[in-house]
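Beneath this line is the structure, given in structure tokens, with notes to follow.
2 protein chains.
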Amino acid sequence: MTKIIFVIADGLGDRPIKEFSFKTPLEVANTPNLDNLAKEGITGLMHTVDRGIRPGSDIAHLSLFGYDYQKYYPGRGVFEVLGIPMELKKGDIAFRGNLATIDDRGVIIDRRAGRIESSLLIPKRMKVNIEDVTFFLEPSVLHRVGVVMRGKNLTSDIYDIDPHEEGVTPNRKIAKNKSISSRRTEIILNKFMDYMHDYLSKNPENIKRKKQGLSYANFLNLRGPGEYKEAPSFLEKYGLKACCISGADLYKGIAKYLGMDVINVEGANGRIDTNLNAKINEAIRRLDSYDFIFVHMKFADSLAEIGDFEGKKKFIERIDVSLSPLLKLEDTVVFFSGDHSTSSKLKMHTGDPVPALIWGPKEMILRDKVENFGERACQEGGLGHFRGITLMNELFNIIGKQHLIGD
Amino acid sequence: MTKIIFVIADGLGDRPIKEFSFKTPLEVANTPNLDNLAKEGITGLMHTVDRGIRPGSDIAHLSLFGYDYQKYYPGRGVFEVLGIPMELKKGDIAFRGNLATIDDRGVIIDRRAGRIESSLLIPKRMKVNIEDVTFFLEPSVLHRVGVVMRGKNLTSDIYDIDPHEEGVTPNRKIAKNKSISSRRTEIILNKFMDYMHDYLSKNPENIKRKKQGLSYANFLNLRGPGEYKEAPSFLEKYGLKACCISGADLYKGIAKYLGMDVINVEGANGRIDTNLNAKINEAIRRLDSYDFIFVHMKFADSLAEIGDFEGKKKFIERIDVSLSPLLKLEDTVVFFSGDHSTSSKLKMHTGDPVPALIWGPKEMILRDKVENFGERACQEGGLGHFRGITLMNELFNIIGKQHLIGD
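Chains A and B, in that order, give the protein sequences. Residues 12 to 418 (our numbering) make up the first sequence, in order. Residues 12 to 418 (our numbering) make up the second sequence, in order.
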């Protein structure tokens with residue numbers, strides 16, 4: 012059976028950049044392997060959710076895997092904690108936590124506390140009891156912390172504590188309505204915020220860093236509240252045995268949510284120095300035991316989000332180098348794209364379409380004329396414009412496994 | 012009023028074929044008329060149902076005519092029996108029957124009994140009574156037999172008896188649930204299967220053929236159970252007086268279901284030697300009395316399904332020859348495409364898009380740059396990628412008959 016390697020470069024697409032003579036990072040990057048994949052494959056532009064829709068990475072990935080996010084999105088917190096991995100029981104509320112820095116007035120001055128390593132401050136399997144509710148905390152990559160809240164009468168139908176900007180105070184009024192569970196969840200979370208502020212402020216590592224003029228974290232921002240939902244597994248939905256190779260916890264969590272096996276690769280850490288070659292090589296090794304291998308590459312997005320278009324270009328070149336072994340594969344279909352575009356100038360995800368390519372056996376793929384991989388080159392691709400939700404059907408059809416409807 | 016000739020070449024699209032230097036049958040075929048229609052028209056790629064969706068011809072045609080199959084699909088059996096034509100009353104269960112060959116253990120060894128002529132074995136207006144239920148049988152093209160089951164408390168919500176593969180026995184457990192009608196339908200159909208096996212085994216023609224080493228049919232496989240549904244007629248929906256020119260019963264049945272007149276053309280028989288020229292000439296003659304003329308050409312699909320890509324190419328060339336008179340028409344819009352792609356290598360329908368063209372008066376059509384008709388040439392067509400369900404609106408709009416929504 013023909014296998015599928017499904018590579019997502021987070022935040023791949025971008026907009027014209029003046030310093031690049033109005034080309035994009037992908038367009039100026041030297042990408043001989045991507046160009047060859049495009050030349051031997053079929054290309055197009057993908058609107059992950061829909062035209063002009065600006066998705067978070069979580070909803071983008073659900074769509075890419077063919078799951079309607081309006082039905083199956085459990086909230087980002089669920090993905091984050093599953094990816095760490097942390098245990099999640101029915102009724103638990105899961106959050107993504109971000110270590111942050113606040114000033115004496117409580118105003119956020121650094122939403123990511125200089126991307127401090129959370130393991131410096133949060134011990135493994137940390138537990139905090141507030142009244143009859145238990146919080147479970149687990150350090151994750153860089154400033155990220157997984158948080159699970161366990162107790163009776165709690166709800167995930169609350170606003171983020173994280174105001175998603177600097178210069179303001181965290182949200183304390185997070186109840187969305189006057190229900191008992193909403194009010195109760197707000198009260199408990201406010202006490203937890205205060206507890207964590209106190210705990211972090213007294214942390215010797217933080218005190219030391221503050222003295223040394225280094226970034227320090229004295230607040231834990233919470234966002235993406237969610238509760239576990241049931242979704243049909245990838246195996247149930249497509250009959251494909253699937254695994255995930257990712258450094259970042261969110262993607263591992265999405266994979267776990269969809270019943271994919273999560274494979275940890277030495278050196279694949281979701282950071283700028285992540286070992287991309289090791290990921291691709293591991294993916295190829297796993298072709299023997301899996302039908303569908305999802306490889307996630309994080310950092311082009313992170314660089315665009317801080318406006319480092321030069322860094323994004325270089326990271327794309329490193330991605331390109333890692334892809335070289337794919338071109339030698341037989342009886343394998345490769346999909347390569349991003350989960351969304353990220354503008355290095357706007358420093359945010361955009362709803363711009365992402366260039367996409369499908370490469371595979373010569374008798375499976377109707378090659379188009381596109382010979383370079385980029386935002387504009389793919390405007391002329393044979394796949395045209397398509398939505399992410401239809402992608403799995405398209406790949407499933409290409410490998411000849413799509414079921415027939417009608418007679 | 013501008014008229015529409017709507018030509019569907021079944022299973023038209025294909026994939027790159029090694030023996031054709033990785034071109035498709037349509038791409039290597041010599042098709043000067045299709046190329047001229049493309050050159051003078053506008054082209055694109057059609058996803059009959061949706062991207063990557065692999066439709067049967069029945070659901071594909073409903074979509075092409077603008078009917079949502081999820082609402083209006085009555086099961087293939089209904090189309091088959093309407094097309095023969097057989098009478099269908101409310102509450103009747105209709106099946107497509109296929110004459111097949113089974114061995115002594117009851118295992119299917121030829122699902123189509125060498126495409127034997129059913130009229131050799133099944134008399135016209137054949138009737139079989141099993142308990143209080145009457146079966147009506149009618150021979151159709153090649154190995155096909157129309158079957159209508161009439162009685163009280165029957166249901167079409169059952170599985171196919173036909174297992175759709177060889178080397179296994181027909182399904183006898185066909186009840187989908189434990190309802191009385193489901194169980195009753197299963198029992199009666201099992202008795203009918205045994206009756207037909209006995210009837211066919213004793214048939215002198217079969218006995219003679221078996222002795223001579225020819226293919227013979229000793230079993231009647233049933234599939235596509237359906238019950239009559241109401242659908243708005245083509246005239247009600249579009250205000251167009253429509254007719255159908257087809258050799259194969261399925262398409263006649265779909266046409267009848269949608270209230271189109273069915274026109275039988277001498278020599279148009281749904282087989283490889285079908286008279287394509289006669290069909291197109293008849294279509295042109297009927298422009299005086301009809302607004303919309305649906306012409307169906309079957310055999311490219313049948314050849315691809317047996318892996319005969321060379322034959323498919325030649326059949327496409329015959330189709331092309333037949334289309335020549337269309338290029339001289341005035342005040343007529345021609346639509347030409349397939350109902351789906353059929354891969355000659357995979358020997359099955361695929362969800363690959365089908366090349367499509369719209370040709371017509373110079374002031375109605377925004378000609379694109381495409382000068383050849385084929386899977387890849389149409390990747391650059393001015394229609395882009397579109398879904399079958401939107402096609403009728405598009406044609407209706409081109410002839411200036413689309414109604415206004417809003418004010």
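C-beta atoms are modelled at their ideal positions from N, C-alpha and C, and glycine is treated no differently.
What residues of chain B sit near E413/A, judged by a beta carbon separation below 8 angstroms? The residue asked about is misnamed: residue 413/A is Gln in this sequence, not Glu. Simply G63, I64, R65, T361, G362.
7 angstroms Cβ shell around S192/A - same chain, five flanking residues per side excluded: N164, L165, T166
Which one or two residues does DSSP pair with I304/A in a beta bridge? I16/A, C254/A
At least three beta-carbon pairs within less than 8 angstroms, the stretch 45-57 of chain B to the stretch 365-384 of chain B: yes
Start-end ranges of the alpha helix (DSSP H) lying completely within the stretch 226-305 of chain A, minimum 4 residues: 245-249, 260-268, 287-296
Cutoff 7 angstroms; reference K240/A; Cβ partners in own chain excluding five residues on either side: Y83, P85
Of the residues S32/B, V60/B, L110/B, which one's Cα is nearest the Cα of L231/B? L110/B
Can you pull the chain A neighbours of E405/B, defined as C-beta to C-beta under 9 angstroms? By Cβ distance, chain A contributes nothing, its closest Cβ being about 16 angstroms from E405/B, past 9 angstroms.
C-beta contact flag for Y75/B and D350/B at 8 angstroms: Residue identity check: residue 75/B is Leu in the sequence provided, not Tyr. Yes, they are a contact pair.
Would you kindly report the start and end of the unbroken beta strand (DSSP E) that includes D121/B? 119-121
Please tell me whether K356/B has its Cβ less than 8 angstroms away from any Cβ of chain A. yes
Following the continuous alpha helix (DSSP H) through E91/B, name the residue where it begins and the one where it ends. 87-94
What are the boundary residues of the beta strand (DSSP E) that S193/B is part of? Looking at the DSSP string, S193/B is not in any beta strand (DSSP E); the run it does join, the alpha helix (DSSP H), is 191-212.
Closest to I133/B by C-alpha separation, out of V118/B, L153/B, R122/B, would be which residue? L153/B
For the stretch 294-369 of chain A, list the beta strand (DSSP E) runs that are entirely contained and at least 3 residues long, ordered along the chain. 303-308, 343-348, 352-354, 359-361
Grouping DSSP H, G and I as helix and E and B as strand, with all else coil, what is G22/B? coil
Kindly list, in the order they appear in chain B, the residues whose Cβ is closer than 8 angstroms to that of I416/A. V60, I64, R65, P66, G67, I70, Y80
Compile a chain-ordered list of the residues in the stretch 384-397 of chain B whose CB is closer than 7 angstroms to at least one CB of chain A. E386, R387, Q390, G395, H396
R183/B: first and last residue of the uninterrupted alpha helix (DSSP H) it sits in: Element bounds for R183/B: n/a, residue is neither H nor E.
How would you list, in chain order, the residues of chain A whose beta-carbon sits under 9 angstroms from the beta-carbon of R234/B? D418
Can you list the residues of chain B that E374/A reaches, using a CB-CB cut of under 8 angstroms? R26, P27, I28, K29, F33, K356
Interface residues of the stretch 87-99 of chain B facing chain A [CB-CB below 8 angstroms]: R87
Could you check if L338/B is buried or exposed, using at least 16 other CB atoms within 10 Å of its CB as the buried criterion? exposed
Report the three-state DSSP secondary structure of L415/A (helix, strand or coil). strand
Tell me where the beta strand (DSSP E) around K100/A begins and ends. Note, K100/A: premise wrong, no beta strand (DSSP E); not H, not E.
Partners in chain B for T13/A, counting only beta-carbon separations shorter than 8 angstroms: Near T13/A there are no residues of chain B at all, since even the closest Cβ is about 11 angstroms away, more than 8 angstroms.
Give the residues from the stretch 148-172 of chain A that approach chain B closer than 7 angstroms (Cβ to any Cβ), ordered along the chain. none
Under 9 angstroms Cβ-Cβ, which residues of chain B neighbour D379/A? R387, Q390, E391
Beta-carbon of Y84/B versus every beta-carbon of chain A: anything under 8 angstroms? yes
Where does F106/B sit, in a helix, a strand or coil, going by DSSP? strand
Under 8 angstroms, do T42/A and I327/A count as touching if we go by C-beta distance? yes
Could you check whether S354/B and A294/B sit closer than 8 angstroms to each other, using their CB atoms as the reference points? no
Does any residue of chain B have a CB that is nearer than 8 angstroms to the CB of T343/A? no
If I follow the unbroken alpha helix (DSSP H) through K34/A, where does it start and stop? Taken as a continuous stretch (DSSP letters only), K34/A belongs to no alpha helix (DSSP H), as it is neither H nor E.
Which one of F90/B, C389/B, T196/B, F245/B has the shortest CA to CA distance from Y78/B? F245/B
Residue from F17/A, R26/A, K14/A, V18/A whose Cα sits closest to the Cα of K324/A: R26/A
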